Amino acid sequence: MELSALSSEAVEMKRCITLSLILLALVGALSLVFSQLSPPVSAQSRATATDVPVIPHEAVPNFFKNPPGIYTGENMGIATNSKGYIYIYHRANETRLFEYSPQGNFTREIGRHNYGFAFAH
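Note that the numbering used here has the sequence shown beginning at 2, numbered continuously upward.
Here it is as structure tokens:
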């Protein structure tokens with residue numbers, strides 16, 4: 002009796018493994034077929050946009066006056082409020098938010114050593 006129970010378990014295991022291998026081969030074949038149907042995308046392809054309006058701007062060299070030890074360059078975002086104050090979201094060795102007056106003078110740093118700033122997107 003035990004011998005027949007073991008052999009039926011072995012048959013069931015063999016059937017399960019066989020079906021799993023067939024399913025794996027089918028998924029692999031389908032992924033190969035679908036990858037051939039889609040056109041290749043070049044890593045160097047560029048997005049093309051038409052009828053995009055040009056945003057007028059005037060570059061002012063050295064507009065922002067930083068205090069000693071504060072450097073900007075890896076800025077992720079820039080915004081202004083209703084009073085004209087300028088906010089620069091800066092990511093370099095430490096994520097920081099700088100506030101500047103409308104004249105470009107450094108006003109303050111917001112959230113220094115704030116761990117949550119590192120995860121803002």
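Ideal placement from N, C-alpha and C gives every residue a C-beta, glycine not left out. Predicted model, so just to flag it, every value in this text is computed and none were measured.
Per-residue burial, residue i [other beta carbons within 10 Å of its own, 16 or more giving buried]
i           : result
residue 58  : exposed
residue 2   : Because the pLDDT of residue 2 is 48, which lies under 50, any placement of that residue in the model is unreliable, and the number read from its coordinates should be weighed accordingly. With fewer than 16 other Cβ atoms within 10 Å, it is exposed.
residue 99  : buried
residue 101 : buried
Contacts around residue i, its chain only, beta-carbon distance under 6 Å, and the 5 residues preceding and following it disregarded
i           : result
residue 103 : 85
residue 81  : 87
For residue j and residue i, the rounded distance between their alpha carbons
i           : j          : result
residue 49  : residue 11 : 60 Å
residue 112 : residue 62 : 27 Å
residue 25  : residue 97 : 49 Å
Candidates the options: closest to residue i by CA position
i           : options        : result
residue 109 : 69, 94 and 120 : 69
Cβ neighbours of residue i in the same chain (closer than 7 Å, five flanking residues each side left out)
i          : result
residue 75 : 91, 92 and 93
Same chain, Cβ closer than 8 Å to residue i, neighbours up to 5 away in sequence not counted
i           : result
residue 118 : 96, 97, 98 and 112
residue 15  : none
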